[in-house]
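Residue numbers (the numbering used here), protein chains in the order written: chain A, 123 to 725; chain B, 219 to 815.
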Ligand SMILES: Nc1ncnc2c1ncn2[C@@H]1O[C@H](COP(=O)(O)OP(=O)(O)OP(=O)(O)O)[C@@H](O)[C@H]1O
Ligand SMILES: Nc1ncnc2c1ncn2[C@@H]1O[C@H](COP(=O)(O)OP(=O)(O)OP(=O)(O)O)[C@@H](O)[C@H]1O
Ligand SMILES: [Mg+2]
């Protein structure tokens, strides 16, 4: 699934887990699957016993009751009829209860599995999340889980029952004639021996199928999300070709898997024919030797069907199971992918409830498989400082922000908050104290208020409005069609780009962090409003530490201190007034260009 | 999205859905049905071979103590022949059904995704991505689910017909009694469809919602992480998962009752036949042998009934899935394209914007009477506060949306009259938020167009992206990951810019797309576009005075209206709101200066 050489860790496909291990691990993840398993098994035995008893009872009624030598034996017919009716009722009831229980426990178990996998996706490191396509991740918690359900309800138990039936049939056959039993087993040996081979083939084939589903969903979701680009560049045809390819590859993969299924299944039928012929012929030969009687051979011919039925059922379930197992593995694979940058949890340290100081201690960072993008960064930010980070595109500013908020851990060196290594800080404490407003603000398809509440869950409408006023956004909120109850649309696309950033800011403001990191948080907002927000933030920042990344140098001018990043290194640091006069420095250059873009005309 | 079920009832709808599949793939359906019939026939033949072998080989052998090798070979050949043929039947049936199912899925998926690409932006805004994924995946799968048991069911119908005919030949009164099984089956089925359909509708709906939550949540994973909202997101997902679980359990219970009912009905029928049969035998109306025959035939019928039951069992989900797919296919409002072509000129295009009015909601006033024009080769800067409608205007200029009133004319042709793809040959938009595909750098710049690497590099150079692209591990062939995650924000913007530049558009629209590009570079880009033979017409949404200064004219947009037009200098002089907007930084500088001095 690795799409990008330079992108890092990928999500586990779970390909190495064996079938039994998958089931065992699956049950471990979803303990509900074991709920009442004993009773379900009893019901299964009753139901499958009934499936044998009912025909026998009916046959008895017919043969002995009606077709008996002395004409219909009415009392016997009545008796057997009642027995049959009872047997039918009991069997049906047992079968209903069994299936209903299976549905209940599997759906419960699968819901748990889904939720655990979903949660784990969020616990994955940012880099792993970014490597996986969204469509692929979605398929794991939706359609992959759905595939498992069928198997659990209709397959799992039946497989156990089938194996049991095969064993019982073998014992019964052996009572009649051990030699002929051997014959039957020899005839089925190729099938049994080839099962493992087919399992492997099928497992691989369905592995491809499930992967193709993910590829297909990604191919579909990408142009849906980027519909505007697809339309404005009129690349519908090329896009459709890509989707079609993915659709067709999924189709071929499924067909391929189906071929293996069919071959392995039809092998069962051939084995049965072989066994029938073998029993008769060897039976005759044994008869010559005086080992068996004609009656035994004929009885055996019928016993073979008792053997063949469950064997065929079993092979069918086994083949169908591969699809489910592969899917199950993929979901479990998510859970087996190492979670985030390990949260020390209870044993971790708490950050104090006040402005914190920040220290980068010889930090180097490289994205997986790539060159270092930050080198030997040493940086100290005193508590309560307003720091601006400036630098060219791609110099590593956002990377600093992500390290500061522990979205990633440094390759070497350490980031310390209040003297504590971030790796030792409890996640809850960290997320409460440190908030990042990322470069690409993302909004959920809900109201403005709901989005803002991601910052503080219990925020009341008044608190939201107050926060908006504090940020100088009161007018803007008042101008929204439904105020804070205005819906923002998918990804916030019913708002303008600038408005989306306003919501993200509001969200951060409500979160009330001790360290606020703004990564180009107002890049799309108009200058007048940006300045207003900037002034508001200045006020709100007292008592907090803040790190602001901005292309617009007006931010740097007002910061307590400026850090200049150039190609992964900190090359300058100090107040604006000092840096700007350092002839020939990076900052002086950046500032000159900023002034030129603002000042040259119309002053 | 909840589609009303038709009044006809699920069973009929289910057969209609199957009819669609059979009409679409008649040959493969025929093949798999023949396979199924072959399988059924050979299952019967198997019993016959056993009987024949018993009579002609086994018993004589035990009686005479000897056997003829010819006969032995015959038995072997018969058994193996039947088994092989039956295997062929299985292969044809199951593979055929599989292929038919996968083909139908592919047909539907192609149709659905074509629709996704054809439907307008307004439709996309109303339909969450996760839901569309569910339509293309889970709903399509559900729709064609019954194809798998179909050949088996059709194949067993022959079995059923023969058995029923024999019943009637044996004793028509008893046969009629036995026939009671059928209305009972129909009733059971009706009850099942009634009970299961609403649940299946709900389940498919919930699957879509689940997919929606998952997609959105993974899309916003970074926000969730940075705010530590994993628990709340999980709760949101868990709530939907629990709903789906409960509906599935309820549907499962109904299914759990349906299957044994279908299995039991023929058996109960046999008992009724016996009761009536005994009565008749006692009255001398029939003889015991016939009763037994009819009863046996009825048990034979039970297998077809069950296999038809498996088919019917799939119907509710299938019908719901099909309806959900249909509702996508039936969605109207794809943009009609005209047939006009643009004269493939070299120079800049002429743009005329006539009294545009546009809004998303009826009670909104987004753009109102926007009117301006741009002569070929000229540059217009669109300036306006946040949310004043600038991006919406660029959407209209590139016909991502159509105006409610007014028109946009390119070289005198209404955009709506242009043939599909024609606009893109002349106009390129660099959107405010760069969107990159999960593709290579080259693929992202060319978007499949036939462009030489030299031109790609030239465009990258112009967008100031050549430096970092050259440093990437595989240069132009480096894959960028979904949405270009392996690049920095500014780098993505530059690739997006190069994508537009490489097309050498005659009208270039930049929606605040150069915020991450140095001003001198931007100036050079703009100059290059305007100069020489190309003389590209430019519409730029910008705040930077350096950029605005390059424009021949400024259109000041405020709350969806053009409140002023003219040169930058003129606007500065006469329009205080405009001056405040673009001079914000300097006013601030002055403020700071005053304070510090
Ligand atoms: N996920 C990633 N995988 C690999 N490389 C990455 C990834 N994210 C960023 N990079 C690379 O790391 C470098 C620094 O990126 P970063 O996002 O920190 O830059 P930046 O200074 O914030 O730039 P901008 O001003 O454009 O936002 C860039 O060269 C970029 O290509
Ligand atoms: N799909 C939509 N549905 C409803 N309203 C919308 C939709 N898209 C945009 N709007 C509204 O239209 C107005 C104008 O949005 P637009 O994106 O054109 O603004 P803009 O001038 O480009 O702003 P910015 O400078 O922030 O990019 C905003 O108030 C926005 O909320
Ligand atoms: Mg905009």
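Every residue gets a Cβ at the ideal spot worked out from N, C-alpha and C, and that includes glycine.
Less than 8 Å separates the beta-carbon of residue 357/B from that of residue 543/B. Within the same chain, Cβ atoms closer than 7 Å to the Cβ of residue 488/B are found at 513, 516 and 517, the five residues on either side in sequence being excluded. At least one beta carbon of chain A lies nearer than 8 Å to the beta carbon of residue 582/B. Put simply, the backbone Cα of residue 448/A is about 11 Å away from that of residue 442/A.
Short note on residue 402/B: C-beta not closer than 7 Å to any heavy atom of ligand 2.
Comparing C-alpha distances from residue 266/B to each of 652/B, 711/B and 296/B shows the shortest one belongs to 296/B. Annotation for residue 461/B indicates a beta carbon at 7 Å or more from all heavy atoms of ligand 2.
Taking CB atoms only, residue 457/A has no neighbour in chain B less than 8 Å away. By the rule that beta-carbons nearer than 8 Å mark a contact, residue 275/B touches chain A.
The beta carbon of residue 601/B is closer than 6 Å to those of 772 and 774 in its chain, skipping five residues each way along the sequence. Exclusion of the five residues before and after residue 536/A leaves 483 and 543 as the residues of its chain whose Cβ lies within less than 6 Å of its Cβ. Straight across, the Cα-Cα distance linking residue 395/A with residue 300/B is about 7 Å.
Annotation: residue 783/B to residue 612/B spans about 17 Å, alpha carbon to alpha carbon. Counting only the Cα atoms, residue 666/A lies some 10 Å from residue 504/A. Annotation: residue 281/A to residue 438/A spans about 9 Å, alpha carbon to alpha carbon. For residue 636/A, not one C-beta of chain B is nearer than 8 Å to its own C-beta. Rounded to whole angstroms, the separation of the alpha carbons of residue 699/A and residue 705/A is 12 Å.
In the pairwise beta carbon analysis, the region 347-362 of chain A is classified as not touching the region 284-304 of chain A: fewer than three pairs are separated by under 8 Å. Taken through DSSP and simplified to helix, strand or coil, residue 152/A comes out as coil. For the 8 Å CB-CB criterion, residue 634/A and residue 548/A do not form a contact.
Placement of the Cβ of residue 662/B at a distance of 7 Å or more from every heavy atom of ligand 1 is found.
When the Cα atoms are used, residue 513/A and residue 676/A turn out to be separated by approximately 14 Å. Residue 496/A is a Cβ neighbour of residue 690/A, given a cutoff of 8 Å.
C-alpha of residue 259/A to C-alpha of residue 333/A: approximately 11 Å in a straight line.
Contact between the region 532-552 of chain B and the region 380-387 of chain B is not established, with fewer than three Cβ pairs separated by less than 8 Å. Neighbours of residue 409/A across chain B, judged by C-beta separation under 9 Å: 276, 279, 280 and 283.
Taken through DSSP and simplified to helix, strand or coil, residue 722/B comes out as coil. For residue 602/B, the enclosing beta strand (DSSP E) covers residues 597-602. Taking a cut-off of 8 Å on C-beta distances, the region 636-646 of chain B does not touch the region 572-590 of chain B, as fewer than three cross pairs fall below it.
In the assembly as shown, residue 238/A is a buried residue. Its beta-carbon has 16 or more other beta-carbons within 10 Å. In the assembly as shown, residue 794/B is an exposed residue. Its beta-carbon has fewer than 16 other beta-carbons within 10 Å.
Neighbours of residue 218/A in chain B, taken as residues whose beta carbon is under 7 Å from its own, are 474, 475 and 478 in chain order. Put simply, the CB of residue 489/B is near chain A, with a gap under 8 Å to one of its CB atoms. The continuous stretches of alpha helix (DSSP H) do not include residue 566/A, and DSSP gives it neither H nor E.
Using beta-carbon distances, residue 398/B does not count as an interface residue toward chain A, since no partner is under 8 Å. Inclusion of residue 615/A in the 7 Å shell around ligand 2 follows from its C-beta lying nearer than that to a non-hydrogen atom of the ligand.
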